[in-house]
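**Q** Sharing a structure here in structure tokens format.
Numbering (this note's numbering), first residue to last: 15 to 426.
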């Protein structure tokens, strides 16, 4: 597709792609795959409210500018990134750090990786012509295509069969540049009968402000494997973060996932979880802690493609000022997925009359022998509870915070 033909709303992205093509890793077939991905994005257009899955997160309205790709980090940027990672307080991990969209070996723990764990950068793999790393099979989405077109780097982590890691793998994303885009793509492949904890964090270094993050991670989990997954989105207050995660679960797999969003002016986490083997279990929990005018969107699609699997989704939001939280959860039960047990619940606590919560739980059931349900609530703190707390000496703000803390602890 000729960049000149792109719709005016997407024109800045066309210019971004044209300017970035020479510095993106991979040539030949990889470059062709990037071009095909961008053409798909241009055809779909930037998501807007007339697209059902993006009804509450209109990127045409929320992302008013398109930032150029961040430059490769130099010594000063790496020093800022090191401080930002240290401030997270996540210790005793195998850390893999991406700074401004580029893998930083000097801030990573490659030398201490355990036996049975291998790491390669996306840049290296694309340099070898691996075009499949830019393609996603589990979902079709404009932002997924944009990521495939512009991804500068990421990590590929392979955990062999029968490996039990003594420490979590921590993929740390740090932005140091302001008014810049960071586009990363990672793959995690875990073998059979393994035990792994994976942490993903997103943070802005001191001085980083209006940057934009476009990240994607794909996780393949083998049979009889357990994965503990934690996602922390704590970007700078004026940043934007659009992140996609795709999980594929083998047979008799257990995935326990928790996500926290409390940064960025605009954020969206969209997770696609597919049961590909029988007898597997999923527990996914999340919390949006938003204030000011922040907008946080969590969208989950759980696909029960095989029988005898269990899924539990619990999402909570605590909202103050003029913040806006979105939760969209969809459970799909395929025709052959008998004996499916799927439950979903979302609750929002409004600390301000100007805060807004949109909850949209959905069930799509094509099998007849299932146990599925969903629920959603949103409201202010109960006045009787506030009175009870204030009667015992807590001020009004302290009482609200006390109740807020209790709600968050129930999400752990």
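All C-beta atoms in this analysis are idealised placements derived from N, C-alpha and C, irrespective of residue type, glycine included. All figures in this text were calculated on a predicted structure; none of them were measured in a lab.
Sort 363, 33, 92 and 352 by Cα distance to residue 321 and report the nearest one.
**A** Comparing Cα positions, the closest option is 352.
**Q** First and last residue of the beta strand (DSSP E) that includes residue 53?
**A** Unbroken run through residue 53 is the alpha helix (DSSP H), 43-58; no beta strand (DSSP E).
**Q** Pull up the distance between the alpha-carbon of residue 159 and that of residue 218, whole angstroms please.
**A** About 25 Å.
**Q** If you drop the 5 nearest sequence neighbours on each side, which residues of the same chain put their C-beta closer than 6 Å to that of residue 390?
**A** Excluding residues within five positions, the ones whose Cβ falls inside 6 Å are 360, 373 and 375.
**Q** Quick check on residue 158: does DSSP put it in helix, strand or coil?
**A** Residue 158: helix per DSSP, three-state reduction.
**Q** Once DSSP output is grouped into helix, strand and coil, what is the label at residue 107?
**A** The answer is coil: DSSP assigns residue 107 none of H, G, I, E or B.
**Q** Cα separation between residue 81 and residue 74?
**A** C-alpha separation (whole angstroms): 14 Å.
**Q** So residue 177 is in the alpha helix (DSSP H); what residue range does that whole segment cover?
**A** No alpha helix (DSSP H) holds residue 177; DSSP gives it neither H nor E.
**Q** Exposed or buried, what is residue 16 when buried is set at 16 or more other beta-carbons lying within 10 Å of its beta-carbon?
**A** With a pLDDT of 42 at residue 16, under the threshold of 50, the modelled position of that residue is not reliable, and the figure given next carries that caveat. Exposed: under 16 other Cβ atoms inside 10 Å.
**Q** Could you tell me if residue 148 is buried or exposed, where buried requires 16 or more neighbouring beta carbons within 10 angstroms of its beta carbon?
**A** Buried, by the Cβ-count rule.
**Q** Can you list, in chain order, the stretches of the alpha helix (DSSP H) that have 4 or more residues and sit fully within the region 80-153?
**A** Those alpha helix (DSSP H) runs which fall completely within the region 80-153 and span 4+ residues are 89-102 and 136-141.
**Q** Give the straight-line distance between the Cα atoms of residue 131 and residue 395, rounded to the nearest whole angstrom.
**A** The alpha-carbon atoms of residue 131 and residue 395 are separated by roughly 47 Å.
**Q** If you draw a straight line from the alpha carbon of residue 215 to that of residue 379, how long is it in whole angstroms?
**A** Spanning the two alpha carbons is a distance of roughly 34 Å.
**Q** I need the DSSP call for residue 202, collapsed to helix, strand or coil.
**A** Here residue 202 sits in strand by DSSP.
**Q** Output the distance between the C-alpha atoms of residue 346 and residue 202, rounded to the nearest integer angstrom.
**A** Distance between the alpha carbons of residue 346 and residue 202: 24 Å.
**Q** Keeping to the same chain, check which residues put their C-beta closer than 6 Å to that of residue 241; ignore five residues upstream and five downstream.
**A** Cβ within range, chain order: 210, 235 and 269.
**Q** Please say whether residue 258 and residue 283 have beta carbons closer to each other than 9 Å?
**A** Yes, the Cβ-Cβ distance between residue 283 and residue 258 is below 9 Å.
**Q** In whole angstroms, what separates the C-alpha of residue 101 from that of residue 233?
**A** Near 27 Å, if we compare the C-alpha coordinates of residue 233 and residue 101.
**Q** DSSP three-state label for residue 419, please.
**A** For residue 419, the pLDDT reaches just 49, beneath the cut-off of 50, and the residue's location in the model is therefore unreliable, leaving the point undetermined.
**Q** Measuring alpha carbon to alpha carbon, tell me which of 98, 182, 205 and 186 ends up nearest residue 175.
**A** It is 205 whose Cα lies nearest to the Cα of residue 175.
**Q** According to the Cβ coordinates, are residue 113 and residue 137 closer than 9 Å?
**A** Their beta carbons are not under 9 Å apart, which means residue 113 does not touch residue 137 by this criterion.
**Q** From the DSSP secondary-structure annotation, give me the bridge partner or partners of residue 330.
**A** Per DSSP, 301 and 361.
**Q** Assuming residue 44 contacts residue 162 (C-beta within less than 8 Å), just tell me the rounded distance between them.
**A** 10 Å between Cβ atoms; not a contact.
**Q** Who are residue 289's beta bridge partners in DSSP?
**A** Paired residues: 263 and 318.
**Q** Does the beta-carbon distance from residue 298 to residue 273 come in below 9 Å?
**A** It is a contact, given that the beta carbons lie within the stated cut-off.
**Q** Buried or exposed: where does residue 313 fall if 16 or more other Cβ atoms within 10 Å of its Cβ makes it buried?
**A** Classification for residue 313: buried.
**Q** What does the alpha-carbon distance come out to for the pair residue 383 and residue 280?
**A** Taking the straight line from one Cα to the other gives about 40 Å.
**Q** Give me the Cα-Cα distance between residue 324 and residue 377, rounded to the nearest whole angstrom.
**A** Residue 324 and residue 377: Cα-Cα distance of roughly 14 Å.
**Q** Using a threshold of 9 Å, state whether the C-beta atoms of residue 271 and residue 244 are closer than that.
**A** In this structure, residue 244 lies closer than 9 Å to residue 271 by Cβ.
**Q** Pull up the CB-CB distance for residue 34 and residue 76, whole angstroms please, since I reckon it's below 8 Å.
**A** Not quite, the Cβ-Cβ distance comes to about 22 Å (not below 8 Å), so this is no contact.
**Q** Look up residue 71 in the DSSP assignment and give the residues it is bridged to.
**A** Answer is none; residue 71 lacks a bridge partner.
**Q** When we look at the beta-carbon of residue 122 and count the other beta-carbons within 10 Å, is it buried (16 or more) or exposed?
**A** Buried, because 16 or more other Cβ atoms sit within 10 Å of the Cβ of residue 122.
**Q** Can you round the beta-carbon distance between residue 181 and residue 107 to whole angstroms, since I take them to be within the 8 Å contact cut?
**A** Their Cβ separation, rounded to whole angstroms, is 5 Å, which keeps residue 181 and residue 107 in contact under 8 Å.
**Q** What are the complete alpha helix (DSSP H) segments, minimum 4 residues, inside the region 201-264?
**A** If we require 4 residues or more, the region 201-264 turns out to have no alpha helix (DSSP H) run fully inside it.
**Q** Do you know how far the Cα of residue 167 is from the Cα of residue 18?
**A** Legend: pLDDT at residue 18 = 42, less than 50; position of this residue unreliable, value from coordinates given subsequently. Distance between the alpha carbons of residue 18 and residue 167 is about 28 Å.
**Q** Within 10 Å of its beta-carbon, does residue 385 have 16 or more other beta-carbons around it, so buried, or fewer, so exposed?
**A** Exposed.
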